[in-house]
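J.:
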Amino acid sequence: MKILLLGKDGQVGWELQRALAPLGELRAVGRADADFTDPESLRAVVRAFAPDVIVNAAAYTAVDKAETDAAMAHNVNAVSPGVLAEEAVAANAWLVHYSTDYVFDGTKEGAWVETDAVNPLSVYGRTKYDGEQRIAASGARHLILRTSWVFAPRGGNFAKTMLRLAKERETLNVVADQHGAPTGAELLADVTALALHRINVLGEDARVLSGVYHLAAAGSTTWHAYAQHVLAQAQGHGAVLKAGPDAVQPIAASAFPTPAARPANSRLDCSKFSTSFDLTLPDWRHHVNRLIAELSAQGNL
456 MKILLLGKDG QVGWELQRAL APLGELRAVG RADADFTDPE SLRAVVRAFA PDVIVNAAAY
516 TAVDKAETDA AMAHNVNAVS PGVLAEEAVA ANAWLVHYST DYVFDGTKEG AWVETDAVNP
576 LSVYGRTKYD GEQRIAASGA RHLILRTSWV FAPRGGNFAK TMLRLAKERE TLNVVADQHG
636 APTGAELLAD VTALALHRIN VLGEDARVLS GVYHLAAAGS TTWHAYAQHV LAQAQGHGAV
696 LKAGPDAVQP IAASAFPTPA ARPANSRLDC SKFSTSFDLT LPDWRHHVNR LIAELSAQGN
756 L
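Heads up: take any position in the sequence shown, counting from 1, add 455, and you land on the working numbering.
(1) Output needed for Leu-620: all residues of its chain with C-beta closer than 8 Å, excluding positions within five of it in sequence on either side, in chain order.
(2) Going straight from the alpha carbon of Val-531 to that of Lys-622, what length do you get?
(3) Say yes only if the C-beta of Pro-477 is nearer than 7 Å to one or more non-hydrogen atoms of the ligand MG, and no if none qualify.
(4) Counting C-beta neighbours from all protein chains within 10 Å, is the total for His-684 16 or more, i.e. buried, or is it exposed?
(5) Going by Cα to Cα distance, which pick from Trp-604, Ala-710 and Ala-543 is closest to Leu-497?
(6) Can you list, in chain order, the stretches of the beta strand (DSSP E) that have 3 or more residues and sit fully within the region 634-671?
(7) With contact counted as at least three CB pairs below 8 Å, one residue from each stretch, are the region 700-716 and the region 653-663 in contact?
(8) Which residue or residues does DSSP assign as beta-bridge partners of Ile-458?
(9) Can you tell me whether Glu-641 is buried or exposed, with buried defined as 16 or more other CB within 10 angstroms of its CB?
(10) Mind checking which residues open and close the alpha helix (DSSP H) that includes Ser-678?
(11) Since Asn-720 sits in a beta bridge, which residues does DSSP pair it with?
(12) So what's Trp-604 in DSSP terms, helix, strand or just coil?
(13) Going by alpha carbons, who is nearest to Ser-729 out of Ile-509, Val-568, Leu-696 and Ala-521?
(14) Just to confirm, are Leu-576 and Asp-556 a CB contact at a threshold of 8 Å?
(15) Mapping the DSSP letters down to three states, classify Ala-752 as helix, strand or coil.
(16) Are the beta-carbon atoms belonging to His-634 and Asp-724 less than 8 Å from one another?
(17) Report the option in Arg-473, Ile-458 and Ala-636 whose CA atom is closest to the CA atom of Leu-481.
(18) List the whole-angstrom C-beta distance separating Ala-673 from Trp-739, where the pair is believed to meet the contact cut-off of C-beta under 8 Å.
(19) Return the bridge partner residues of Leu-627 from the DSSP annotation.
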């Protein structure tokens, strides 16, 4: 396979460079070579490589900033994926695109399935859903993978923020009424590669796999319990913290207002993906524990 990876320097993109390399000829490009703020310019990037698969890991993910930067978020999250989908059709290529739990309003009690009605609460969520719709309307063979609470050793994330604050403060206040599954970029990259391998083996018969999938780690937690788990793991690796797990105080999301509203329930039912690609998604703690172990090995706890 000839694979064009866009957004190579993000958390997911960085892991995808590793995971996709064994599948064939990989061309990985970043912001300098693929400007998502100028969607039409992406056509030349695709045509120059003529890929069999386009993997789009680029996105505008500054959720709060998007509330006042809607035009930019729209170009990156909606218009650009639509352009990539059109080019995928022209090249007879597959398009893999990552979306988000933020397309939902969080009011459902159980886990969200792919056919549930969307109702994004933020500019970010609306632009990501717009991107999904443009891909579907293009007729391109695609995997739209909705995920949640992404983290990686590279870049900033919630776990690393909690570790930093636990060294500085005696207590931490963390939201306890939002539910989801922390999902490692490493996991997303690995299962994307396995899915593409399956598609490659099936050839034309793989068309039936085209569609929207939920893809997140198994299980669920709250930000509060997630923080407690991270700190307990860190202490187990010898980290010296002012605030241990018992010093993490639960608070309501309403006590921590943000410009963009977050869904209270981000739990995603991933059974469609697991069944379609015959893969088992590990519990969220698996990759969180690996993250803490890696930070420890690097001397960064």
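For each residue, glycine too, the CB sits at the ideal point set by N, CA and C. All figures in this text were calculated on a predicted structure; none of them were measured in a lab.
T.: Put simply:
(1) Leu-627 and Ala-698
(2) 36 Å
(3) No copy of the ligand MG occurs in the structure displayed, which carries no ligand at all.
(4) buried
(5) Ala-543
(6) 666-669
(7) no
(8) Leu-481 and Val-508
(9) buried
(10) The residue asked about is misnamed: residue 678 is Trp in this sequence, not Ser. Note, Trp-678: alpha helix (DSSP H), 678-691.
(11) His-634
(12) coil
(13) Val-568
(14) no
(15) helix
(16) no
(17) Ile-458
(18) 7 Å
(19) Val-703
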